[in-house]
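Colleague: Before I ask anything, here is the structure I am working with.
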Amino acid sequence: MILYHYTIAVFLCILLACATCFSVYVVTRRDVFLSASIFFLAYFFDVSLVFRTTYAPSRGSPDLFAIHSPVESVLIGALLVFCTWLTFCLYVGKTSYLATLACMIFVVLSAFMYFEVYPSNVREFCFFSVRSLMNILLVICMAVYYLGLKDQLEKARLHQHFPLFLGYAILSVGTVLWNIYFQLLNPHALLSNELLLLPERNPIENILYIFMGFWICRAGVGLLETHFDKPAVSHSAVREAFIKQRIERYASLYDLSPREKEILAMVLNGESNPEIADDLYLSPSTVKVHVHNILKKTDLEDRVALTKDFWKRA
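Residue numbers (the UniProt record's numbering): 1 to 314.
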């Protein structure tokens with residue numbers, strides 16, 4: 001009974017994340033949220049695979065470590081890996097070839113583990129740990145990308161998601177450690193507890209994806225708030241799009257005028273007062289006054305402090 005209620009709770013959390021991400025996509029047309037919504041929908045079906053043996057009992061070996069739905073697990077796992085990597089690629093403005101490559105690697109490794117690895121508990125460990133391996137590989141790629149950035153504004157944009165990165169890394173490793181203990185070191189421990197978890201079920205992985213859902217929903221709700229009074233506008237550049245998505249909320253915090261909001265966006269993009277004056281056909285002195293008023297309203301000293309405050313609150 002505990003396991004039943006636990007599974008239903010996981011279902012509800014994942015569906016909530018899926019619905020929120022899709023709602024944000026409908027409002028903002030940001031592909032990163034569409035990718036995330038497909039990811040959570042796929043994970044919903046992945047969790048539901050545990051009921052397969054209830055409604056369609058396996059005809060094969062009664063082995064505790066038998067993999068009951070390898071084809072479905074690989075197909076859904078491939079979609080999960082693809083969407084996870086694609087979400088990262090879309091957020092940083094990179095092409096999706098990395099996501100496609102990661103998906104192909106996952107399929108090949110999963111097939112190899114299923115057909116070539118024995119005994120059954122080792123095979124199940126290797127088979128179900130491929131997804132975690134791809135998660136850890138993504139963590140490494142994200143760290144390398146961040147450390148290689150020279151654009152401080154882009155670094156600030158990514159740094160605000162450091163708790164997500166840290167949690168994703170820790171829980172991905174935790175998923176592997178869970179599998180090591182219950183599938184390799186003490187494979188029959190699950191039979192003695194009241195939950196009677198199958199070895200292929202991994203609560204740490206459930207926590208990982210629920211945590212991801214919480215973080216993405218948190219960001220998505222903020223975007224929905226900014227679009228409550230004003231619809232979204234399409235933009236091409238990733239950084240400019242992010243600034244213009246978040247600037248509505250920031251401007252409302254400090255009661256900035258439409259002109260001040262427009263100038264603030266240019267300041268955040270690194271434009272000087274003369275450049276702003278040329279773009280808006282204003283005199284440099286007028287731009288200087290607007291910038292001064294923005295700093296006064298935000299109670300900040302200079303442009304650097306203004307930029308840091310924006311990325312902290314955005």
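For glycine and all other residues, C-beta sits at the position ideal for the given N, C-alpha and C.
All values reported here derive from a predicted model rather than from experimental measurement.
Which residues mark the beginning and the end of the alpha helix (DSSP H) in which residue 51 is found?
Modeller: Counting along the chain, residue 51 falls outside any alpha helix (DSSP H), and DSSP gives it neither H nor E.
Colleague: Would you decide whether residue 33 is buried or exposed? Buried here means 16 or more other CB atoms lie within 10 Å of its CB.
Modeller: Burial call: buried.
Colleague: Inspect the CB distances between the segment 275-286 and the segment 246-255 and report whether three or more fall short of 8 Å.
Modeller: No, the segment 275-286 is not in contact with the segment 246-255.
Colleague: Ignore the nearest five residues each way along the sequence and tell me which others in residue 259's own chain have a CB closer than 7 Å to its CB.
Modeller: Excluding sequence neighbours, residue 259 sits near 290.
Colleague: Can you tell me which of the three DSSP states residue 151 falls into?
Modeller: DSSP places residue 151 in coil when its eight states are reduced to three.
Colleague: Candidates 175, 217, 184, 185: which alpha carbon is nearest residue 202's?
Modeller: Among 175, 217, 184, 185, the Cα nearest to that of residue 202 belongs to 175.
Colleague: Our contact map puts residue 140 next to residue 171 with C-beta atoms below 8 Å; I'd like the distance itself, whole angstroms only.
Modeller: About 15 Å; that fails the 8 Å criterion.
Colleague: Between the C-alpha atoms of residue 49 and residue 143, what's the straight-line distance to the nearest angstrom?
Modeller: Their backbone Cα atoms lie some 33 Å apart in a straight line.
Colleague: Measure the C-alpha to C-alpha separation of residue 273 and residue 262 and round it to an integer number of angstroms.
Modeller: Looking at the two C-alpha atoms, the distance is approximately 13 Å.
Colleague: Is it buried or exposed for residue 231, if we count other Cβ within 10 angstroms and need 16 for buried?
Modeller: Its pLDDT being 44, under 50, residue 231 is placed unreliably by the model, and the measurement read from it follows with that caveat. The residue in question, residue 231, is exposed, as its Cβ has fewer than 16 Cβ neighbours within 10 Å.
Colleague: Answer yes if the segment 35-42 comes into contact with the segment 65-74, meaning at least three C-beta pairs across the two stretches below 8 Å, and no otherwise.
Modeller: No, the segment 65-74 is not in contact with the segment 35-42.
Colleague: Return helix, strand or coil for residue 281, following the three-state DSSP convention.
Modeller: If DSSP states are grouped into helix, strand and coil, residue 281 belongs with coil.
Colleague: Roughly how many angstroms separate the alpha carbons of residue 102 and residue 306, rounded to a whole number?
Modeller: Going by the C-alpha atoms only, they are around 39 Å apart.
Colleague: Would a C-beta distance cut-off of 9 Å place residue 47 and residue 11 closer than the cut-off?
Modeller: Yes. Within cutoff.
Colleague: Between residue 108 and residue 42, what straight-line distance do the alpha-carbon atoms span, to the nearest angstrom?
Modeller: Approximately 20 Å between the Cα atoms of the pair.
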